[in-house]
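Below is one structure, written out as structure tokens; the observations come after it.
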Amino acid sequence: LADAKEGGSFNTTVVFDKDVSVDLKLTPSGDGPSSPSRAEARVSRHQAAIKAKQFLDEHNIQQVLQEMVQSLLQQKPQQPFEYMVTYLQGIKPSAAQENGVEEDPKPHRQASTDFADTNVLPDLKGFHSIAARLLLQEPALFDRLKEVKTSKHKVSLIRCLETGLRNKGHAMVKTAGVVCCDEECYAVFKDVFNPVISKWHKGYDPNGAHPSNTAAGDIPSELDLTLASNAIVKMSRNIAGFAMAPVISREQRVEVEKVVVDCLVACSSATIKGQYFPLSGSTTFAERPGGMTAEEAAALEAAGLLIKEPDAPMITAAGIGRQWPEARGIFWSEDRQVAVLVNEIDHVKVVASSPAGKVKEAFIRALEVVDMLAQALGGSGLEFMKSSNLGYLTVFPSDLGTAMAASVELALPELTKDGVRKQAMDAGLALRRAGGEAGEDAWVVERVDRLG
-6 LADAKEGGSF NTTVVFDKDV SVDLKLTPSG DGPSSPSRAE ARVSRHQAAI KAKQFLDEHN
54 IQQVLQEMVQ SLLQQKPQQP FEYMVTYLQG IKPSAAQENG VEEDPKPHRQ ASTDFADTNV
114 LPDLKGFHSI AARLLLQEPA LFDRLKEVKT SKHKVSLIRC LETGLRNKGH AMVKTAGVVC
174 CDEECYAVFK DVFNPVISKW HKGYDPNGAH PSNTAAGDIP SELDLTLASN AIVKMSRNIA
234 GFAMAPVISR EQRVEVEKVV VDCLVACSSA TIKGQYFPLS GSTTFAERPG GMTAEEAAAL
294 EAAGLLIKEP DAPMITAAGI GRQWPEARGI FWSEDRQVAV LVNEIDHVKV VASSPAGKVK
354 EAFIRALEVV DMLAQALGGS GLEFMKSSNL GYLTVFPSDL GTAMAASVEL ALPELTKDGV
414 RKQAMDAGLA LRRAGGEAGE DAWVVERVDR LG
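With the working numbering applied, the sequence shown corresponds to residues -6 to 445, in that order.
Here is the structure:
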């Protein structure tokens, strides 16, 4: 270019190899070295790009957005934009970050005790969970209960409230804002839990009796769901005497794993004959000290059964990710129709499926495994947590009652039409797209009600 005359051109041939060459004709433009405008512009753009990258790196924005999108795709919420708002509102700099101190890149693996350490509520204005709104309206309620603790595991009310105090939430996305940490919490802190339960479960009276009927013979015959491609029934349980996920110690978590897996291995029924796969990296299961292989994890993930490290703010703030991945795993039947997730959130989650979309068939399988577990636990003097008014006790108040979720994957091409989806939601059905290779008309339909 230096040889080119001003306003002229420069011809050259670039040879890439013996068979490939390119003739180039370059024509300089602008005022040349005497005018720095273009060079300065390039430098300015480069400096802006550097500053932008420094800003993104300094605030960890790229990682946060990646994790948010990953969580969004895992959860597939009905209101994705509200979910993203809630996710971002749940992120706040820690004291260590504000002071420039390097901290654990997986903070949710530690106990969330920011507020429990002080036993003082923050200013609840701007918080949107049901529990936060209740305490904002009745501040004396917390003052009366703040020094009370459960007898065995010494859980305080504010420890149950951590998830709602660390996440303001969004006015359009209601959350409970409180979790159960042991089997006493629902009774000891009933003045907080009961209004939350009543609000969440459409006016249910927590002092009433929860009706329960699991007799398979009372279930109507299989519906003619010719459009169904899969049916899944999930049942969650917690074992009495042990702390629940938000506060459970490593030792108790390991004991839960051993008790449940021993019971499953001892069961002679063909329904649950199978193998236990501890999570990769778990060191607590003697027969598989390193956990499952990458191939096994891929197979479980493809089946939608792999327990994944939690990253949603509402869950991590509750302390669900502590001691990860220790004492967690999946017992998978040989026919791949039944799985038991150990220490995911509740101590046990039984997942039974019917590829033909037969809900009753999936229900009978799940119930058989739950009943076998209950019988085996009884032989060791253990039982599942249950109350006459709340049904089976779970970490999240939303799962109380039957602690069961039944869903069917259906082809519903009409669901996107005006008013049709709203009618389904008004009928108490949760809807989400099936995703994957199921097609755009494939939806997962699930009953929302659990209690009453």
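Glycine included, C-beta positions come from ideal geometry on N, C-alpha and C.
Keep in mind that this is a model prediction, so the values were computed, not measured.
Asked: Given K145 as reference, the closest of C178, A259, R246 and P306 once Cα atoms are compared; Found: C178
Asked: Alpha carbon of S122 to alpha carbon of Q40, nearest angstrom; Found: 44 Å
Asked: Proximal residues to D434 (C-beta, below 7 Å), its chain only, five neighbours per side dropped; Found: A404, L405 and P406
Asked: Whole-angstrom distance between E280 and G157, CA atom to CA atom; Found: 39 Å
Asked: Proximity test, Cβ basis, 9 Å: P306 and chain C; Found: Here chain C cannot be found, since the structure has a single protein chain.
Asked: Secondary structure of K142, DSSP reduced to three states; Found: strand
Asked: Option nearest L366 by Cα separation, candidates L424, V343, W317 and N160; Found: V343
Asked: Any beta strand (DSSP E) of 3 or more consecutive residues that is wholly inside the region 166 to 236; Found: 221 to 230
Asked: Straight-line gap, K85 to L58 (C-alpha atoms, nearest Å); Found: For K85, the pLDDT reaches just 49, beneath the cut-off of 50, and the residue's location in the model is therefore unreliable, although a value from the coordinates is still provided. Distance between the alpha carbons of K85 and L58: 14 Å.
Asked: Reference A202, options K379, A290, G234 and P306, closest by Cα; Found: K379
Asked: Residue nearest to R152 in terms of C-alpha spacing, selected from G170, H163 and D255; Found: G170
Asked: With 16 other Cβ atoms within 10 Å as the buried cut-off, status of V413; Found: exposed
Asked: Where Q330 sits in the DSSP three-state scheme; Found: coil
Asked: Inter-stretch contact at 8 Å, needing at least 3 Cβ pairs: the region 190 to 205 / the region 380 to 398; Found: yes
Asked: Spatial distance of L287 from S273 (CA atoms); Found: Before going on, a small fix: residue 287 reads as Ala here, not Leu. Near 8 Å, if we compare the C-alpha coordinates of S273 and A287.
Asked: Same chain, Cβ closer than 6 Å to M397, five either side skipped, listed in chain order; Found: M228
Asked: Local conformation of Q368 per DSSP, three classes; Found: helix
Asked: Pair within 9 Å by beta-carbon distance, F324 and V254; Found: yes
Asked: CA nearest to the CA of T168, picked from A427, G394 and P390; Found: P390
Asked: Beta strand (DSSP E) segment containing Q316, residue limits; Found: Unbroken run through Q316: none, as it is neither H nor E.
Asked: Length of the line joining the Cα atoms of V226 and K139; Found: 38 Å
Asked: Boundaries of the beta strand (DSSP E) in which L447 is found, first to last residue; Found: The question about residue 447 has no answer here: the residues shown for the chain are numbered -6 through 445.
Asked: Euclidean distance between Cα positions of F135 and E155; Found: 13 Å
Asked: C-beta contact flag for V258 and I232 at 9 Å; Found: no
Asked: D339 classed as buried or exposed, judged by whether at least 16 other C-beta atoms fall within 10 angstroms; Found: buried
Asked: Residue of K118, A109 and Q268 minimising C-alpha distance to L150; Found: A109
Asked: One or two residues paired with K379 in a DSSP bridge; Found: Y385
Asked: Outcome for T395 when other beta-carbon atoms lying within 10 angstroms are tallied against a minimum of 16; Found: buried
Asked: Residue burial classification, I265 (beta-carbon count within 10 angstroms, cutoff 16); Found: buried
Asked: Alpha-carbon to alpha-carbon, N187 and E131; Found: 14 Å
Asked: Candidates Y76, F74 and R159: closest to V113 by CA position; Found: R159
Asked: Spatial distance of P204 from A295 (CA atoms); Found: 36 Å
Asked: Same chain, Cβ closer than 7 Å to L360, five either side skipped, listed in chain order; Found: T207 and A209
Asked: Closest Cα partner of V240 within the set D175, P213, L370 and L65; Found: D175
Asked: Distance between beta carbons of V185 and T143, contact taken as under 8 Å; Found: With 8 Å as the limit, T143 and V185 do not qualify as a contact, their Cβ atoms being about 13 Å apart.
Asked: Nearest-angstrom Cα separation, counted from A332 out to V352; Found: 16 Å
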